[in-house]
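Asker: Structure incoming, see below.
Numbering (my numbering), first residue to last: 147 to 275.
Have a look at this one:
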């Protein structure tokens with residue numbers, strides 16, 4: 147069974163690349179381009195992982211994650227920060243805001259899906275190779 151991954155990203159090129167790489171690897175992908183729609187999709191669908199930009203229109207990434215984490219059903223779902231900032235301070239802020247990890251854009255196409263898979267339960271990972 148493939149994992150359902152929700153990507154919340156307002157940069158069209160980053161979103162398109164992430165969607166392509168994850169679908170190509172065999173994951174089911176939903177996406178939103180702002181925090182409001184991202185929250186709606188998260189609440190309407192069961193995702194096994196959320197990839198969320200930090201700087202989003204409507205609701206920013208850290209606020210979105212804090213709102214999701216208020217519900218017990220979302221406390222166990224991995225949420226990864228997805229940002230273009232080569233950051234140390236921003237990484238710490240993301241992790242402190244209930245994120246489970248951080249991916250920096252631009253992504254490495256060769257390792258992106260495998261990196262996502264490391265945050266999923268083994269039964270939800272797609273086989274590589």
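Backbone N, C-alpha and C fix where the C-beta goes; we use that ideal spot for every residue, glycine too.
The structure presented is a predicted model; accordingly, all values stated were derived computationally and were not measured.
Please report the residue range of the beta strand (DSSP E) in which residue 211 lies.
Answerer: In the chain shown, counting from the first residue as 1, residue 211 sits at position 65. From DSSP, residue 211 is part of no beta strand (DSSP E) but of the alpha helix (DSSP H) over 207-215.
Asker: Look at residue 253 and residue 164 and say whether their C-beta atoms are less than 8 Å apart.
Answerer: As a position in the chain shown, residue 253 is number 107, starting the count at 1. As a position in the chain shown, residue 164 is number 18, starting the count at 1. Result yes, Cβ atoms of residue 253 and residue 164 sit closer than 8 Å.
Asker: Quick check on residue 178: does DSSP put it in helix, strand or coil?
Answerer: By 1-based counting over the chain shown, the position of residue 178 is 32. Looking at residue 178 - three-state DSSP - the assignment turns out to be strand.
Asker: Apply the 10 Å Cβ neighbour rule to residue 155 and answer buried if 16 or more other Cβ atoms are within range, or exposed otherwise.
Answerer: As a working note, residue 155 is residue 9 in the chain shown. Classification of residue 155: buried, given that the 10 Å Cβ count is 16 or more.
Asker: When DSSP labels each residue in this structure, what does residue 192 get in the three-state scheme?
Answerer: To locate residue 192, count along the chain shown from 1; it is residue 46. Note: residue 192 maps to coil in three-state DSSP.
Asker: Is residue 185 buried or exposed, if buried means 16 or more other CB atoms sit within 10 Å of its CB?
Answerer: In the chain shown, the residue the question calls residue 185 occupies position 39. The C-beta of residue 185 has 16 or more other C-beta atoms within 10 Å across all chains shown, which makes the residue buried.
Asker: What number of angstroms, rounded off, separates the C-alpha of residue 152 from the C-alpha of residue 224?
Answerer: Within the chain shown, numbered from 1, the residue matching residue 152 stands at position 6. Within the chain shown, numbered from 1, the residue matching residue 224 stands at position 78. Distance between the alpha carbons of residue 152 and residue 224 is about 11 Å.
Asker: Going by C-alpha to C-alpha distance, which of 170, 213, 175 sits closest to residue 197?
Answerer: Counting from 1 along the chain shown, the entry for residue 197 is found at position 51. Residue 175 holds the alpha-carbon nearest to the alpha-carbon of residue 197 among 170, 213, 175.
Asker: Cβ of residue 246 within 8 Å of Cβ of residue 265?
Answerer: Residue 246 sits at position 100 when you count from the first residue of the chain shown. Residue 265 sits at position 119 when you count from the first residue of the chain shown. Between residue 246 and residue 265, the CB-CB gap stays under 8 Å.
Asker: Is it buried or exposed for residue 261, if we count other Cβ within 10 angstroms and need 16 for buried?
Answerer: Looking up residue 261 in the chain shown gives position 115. Its Cβ having fewer than 16 others within 10 Å, residue 261 is exposed.
Asker: Taking 8 Å as the threshold (C-beta atoms), are residue 228 and residue 167 in contact?
Answerer: Counted from its first residue, the chain shown places residue 167 at position 21. Counted from its first residue, the chain shown places residue 228 at position 82. No, they are not a contact pair.
Asker: Whose C-beta lies closer than 8 Å to the C-beta of residue 158 among residues of the same chain, with five residues either side of it excluded?
Answerer: Stepping through the chain shown from its first residue, residue 158 is reached at position 12. The answer, listed in chain order, is 179.
Asker: Just to confirm the assignment, what range does the beta strand (DSSP E) spanning residue 266 have?
Answerer: Position 120 of the chain shown, counted from the first residue, corresponds to residue 266. Segment: none, residue 266 is in no beta strand (DSSP E) and carries neither H nor E.
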